[in-house]
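Take a look at the structure below.
Protein chains: 2
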Amino acid sequence: MADPALEALIDALRCLPGVGQKSAQRMAFHLLQHDRAGALKLSQALASSIHEIGHCERCNTFSRDPVCSVCLDETRDQTLLCVVESPADQAALERTGSYRGLYFVLLGRLSPLDGVGVRDIGLSALLQRAADGLVSEVILATNFNVEGEATAHVIGEALRQRGLKVTRLARGVPVGSELEYVDLGTIAHAFMDRR
Amino acid sequence: MADPALEALIDALRCLPGVGQKSAQRMAFHLLQHDRAGALKLSQALASSIHEIGHCERCNTFSRDPVCSVCLDETRDQTLLCVVESPADQAALERTGSYRGLYFVLLGRLSPLDGVGVRDIGLSALLQRAADGLVSEVILATNFNVEGEATAHVIGEALRQRGLKVTRLARGVPVGSELEYVDLGTIAHAFMDRR
Chain A
3 MADPALEALI DALRCLPGVG QKSAQRMAFH LLQHDRAGAL KLSQALASSI HEIGHCERCN
63 TFSRDPVCSV CLDETRDQTL LCVVESPADQ AALERTGSYR GLYFVLLGRL SPLDGVGVRD
123 IGLSALLQRA ADGLVSEVIL ATNFNVEGEA TAHVIGEALR QRGLKVTRLA RGVPVGSELE
183 YVDLGTIAHA FMDRR
Chain B
3 MADPALEALI DALRCLPGVG QKSAQRMAFH LLQHDRAGAL KLSQALASSI HEIGHCERCN
63 TFSRDPVCSV CLDETRDQTL LCVVESPADQ AALERTGSYR GLYFVLLGRL SPLDGVGVRD
123 IGLSALLQRA ADGLVSEVIL ATNFNVEGEA TAHVIGEALR QRGLKVTRLA RGVPVGSELE
183 YVDLGTIAHA FMDRR
């Protein structure tokens with residue numbers, strides 16, 4: 003009954019993570035009924051980002067240039083390499099203003115249930131990057147959930163085997179929080195890592 | 003720090019209903035990292051559906067032809083007009099095989115909180131459609147939630163004022179359900195409408 007172009011749109015919207023048949027239908031109806039300008043903008047943004055955005059040769063983040071602006075910044079400390087899961091994490095670290103080294107962006111994390119293995123997170127590219135002779139310390143800043151910790155563990159082992167110094171962002175009580183409401187695992191880590 | 007094309011993509015994804023900054027970011031990263039083919043397909047599906055899909059002149063549903071195939075079907079009962087909120091609802095009714103009349107698709111429902119008023123749901127188009135001299139009964143099949151009921155009420159009043167017979171899909175206990183688990187409002191309606 004539905005138009006083939008409408009069916010194709012609903013089907014194509016399902017390529018978005020977390021969008022099933024019902025959501026895709028709702029999105030398609032919304033765009034066609036209320037926001038054709040937004041749909042056109044999205045169509046163009048998708049097309050141009052696919053054509054323009056590749057990966058930085060050095061840090062693997064999304065970049066239209068062969069090497070991204072952060073990697074090209076010579077004022078940054080070339081001996082420190084911070085490993086993050088995504089450009090969003092990198093942006094969060096940058097906003098703190100407390101780190102002036104370089105980054106490596108995994109663009110993923112180990113997630114066996116989703117079929118994401120060691121090959122999919124650019125481990126070999128990271129090992130090659132870290133072996134440039136300048137990097138003396140690799141700081142693992144993957145997320146502190148199960149998948150991020152597993153990713154940090156695997157990466158850390160591989161880097162240590164190659165004789166590199168590997169550190170991990172400190173775990174502890176978040177600034178501004180009350181102990182009563184902090185989970186037990188965090189408090190246990192804060193005890194172990196007390197200084 | 004992020005590429006302008008990437009920023010534009012994240013921004014454009016936010017035109018989708020229910021997608022905020024975080025989800026848009028996740029979607030953009032996913033598409034660029036894991037599914038460029040899907041992103042290209044989505045870009046093309048958006049562009050072609052905007053260009054190809056308009057509205058049926060008679061029933062207001064999405065259609066690439068001036069009049070959709072359902073409205074053109076002369077074997078359908080031209081005296082019955084069923085009002086639904088969306089093509090998805092129409093498809094659900096069609097699947098039952100229990101209705102052979104025509105449809106009018108509102109493509110929306112009254113929702114004052116979202117700024118959707120009487121003008122936005124095509125009420126005047128419906129009144130014009132129902133006054134074709136053939137329609138003798140309008141069946142209101144908007145959803146049975148608060149917004150759908152309000153929509154049915156407003157539409158029903160307007161149609162009755164023009165001397166049309168207006169009916170509503172029966173409320174009652176769903177087939178296959180156990181009374182113990184049916185909500186009280188439904189049971190109360192089932193008592194009132196017993197037959």
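Order-wise, the sequence lines are chains A and B. For what it's worth, my numbering labels the leading residue of the first sequence as 3, then goes sequentially. For what it's worth, my numbering labels the leading residue of the second sequence as 3, then goes sequentially. Think of the CB as a built atom: it goes at the ideal place given N, C-alpha and C, for glycine as much as any other residue. Remember, it's a predicted structure, so these values are computed and weren't measured experimentally.
Beta-carbon contacts of residue i that lie in its chain and below 8 Å, excluding the five residues immediately before and after
i	result
A:R173	F146, T188, H191, A192 and D195
B:V198	The requested residue 198 of chain B does not occur in the structure, where chain B is confined to residues 3 to 197.
B:V86	Q92, L95, Y105, F106, V107, L108, A143 and T144
B:R197	none
A:V21	L15 and M29
Beta-carbon separation (whole angstroms), residue i vs residue j, contact threshold 8 Å
i	j	result
A:L161	A:V140	5 Å
A:A47	B:I55	Rounded, the Cβ-Cβ distance is 20 Å, inconsistent with contact.
Cα-Cα separation, residue i to residue j
i	j	result
A:A49	B:A14	12 Å
A:R164	A:R121	18 Å
B:Y101	B:Q130	22 Å
B:K43	A:R170	40 Å
A:V148	A:D185	15 Å
A:A41	B:P19	11 Å
B:A30	B:L82	46 Å
A:L167	B:A26	Residue identity differs from the one stated: residue 167 of chain A is Lys in this sequence, not Leu. Rounded to whole angstroms, A:K167 to B:A26 spans 36 Å at the Cα level.
A:L142	A:T153	9 Å
A:Q203	B:A90	In the structure as shown, chain A begins at 3 and stops at 197. Residue 203 of chain A is therefore absent and cannot be evaluated.
A:S88	B:S88	38 Å
B:A10	B:K24	14 Å
B:S65	A:H32	15 Å
B:D75	B:G135	18 Å
B:V175	B:Y183	10 Å
B:S45	A:V137	41 Å
B:I157	A:V177	56 Å
A:R38	B:E180	44 Å
B:S51	A:D5	9 Å
B:P114	B:C17	20 Å
B:S71	B:R97	16 Å
9 Å Cβ cut-off: residues of chain A touching residue i
i	result
B:G40	A14, R16, C17 and L18
B:S179	Chain A residues near B:S179: none, gap ~22 Å exceeds 9 Å.
B:S113	Within chain A, no residue comes near B:S113; the closest Cβ sits about 12 Å away, beyond 9 Å.
Contact set between residue i and chain A, taken where Cβ atoms lie within less than 7 Å
i	result
B:A47	A10, L11 and A14
B:S65	D5
B:L44	A14, L15, C17 and L48
B:D37	C17
B:R28	P19
B:S126	In chain order: nothing, as chain A lies at least about 16 Å away.
Near the ligand GDP: residue i beta-carbon under 7 Å from a heavy atom
i	result
B:L82	With respect to the ligand GDP, the structure shown offers nothing to examine, as it has no ligands at all.
Chain-ordered chain A contacts of residue i [CB-CB under 8 Å]
i	result
B:L109	F31 and Q35
Contacts of residue i in chain B (Cβ-Cβ under 7 Å)
i	result
A:S88	F31
A:E138	Inspection of the sequence shows that residue 138 of chain A is occupied by Ser rather than by Glu. What A:S138 touches in chain B: nothing, since even the nearest Cβ is about 24 Å away.
Neighbourhood of residue i by C-beta distance below 6 Å, restricted to the same chain and skipping five residues each side
i	result
B:H53	none
A:G150	R111 and T144
Listed by chain order, chain B residues near residue i by CB distance under 8 Å
i	result
A:E54	D5 and A7
Contacts around residue i, its chain only, beta-carbon distance under 7 Å, and the 5 residues preceding and following it disregarded
i	result
A:G124	N62, L108 and L109
B:D79	R102 and G103
B:R60	V69, C73 and R131
A:A127	N62
B:A133	R164
B:C58	S65, V69, C70 and C73
A:I12	A26, Q27 and A30
Contact set between residue i and chain B, taken where Cβ atoms lie within less than 9 Å
i	result
A:S100	Going along chain B, no residue has its Cβ under 9 Å from A:S100, so there is no contact; the nearest lies around 16 Å.
| Taking the runs of the alpha helix (DSSP H) that are 4 residues or longer, which of them lie wholly in the stretch 25–66 of chain B? | 38–54
| request: Return the chain-ordered ranges of every beta strand (DSSP E) run that is complete within the stretch 104–146 of chain A and spans a minimum of 3 residues. | output: 139–142
| message | Quick check for students: name the residue ranges of the alpha helix (DSSP H) that lie wholly in the stretch 159–193 of chain A, counting only runs of 4 or more. | response | none
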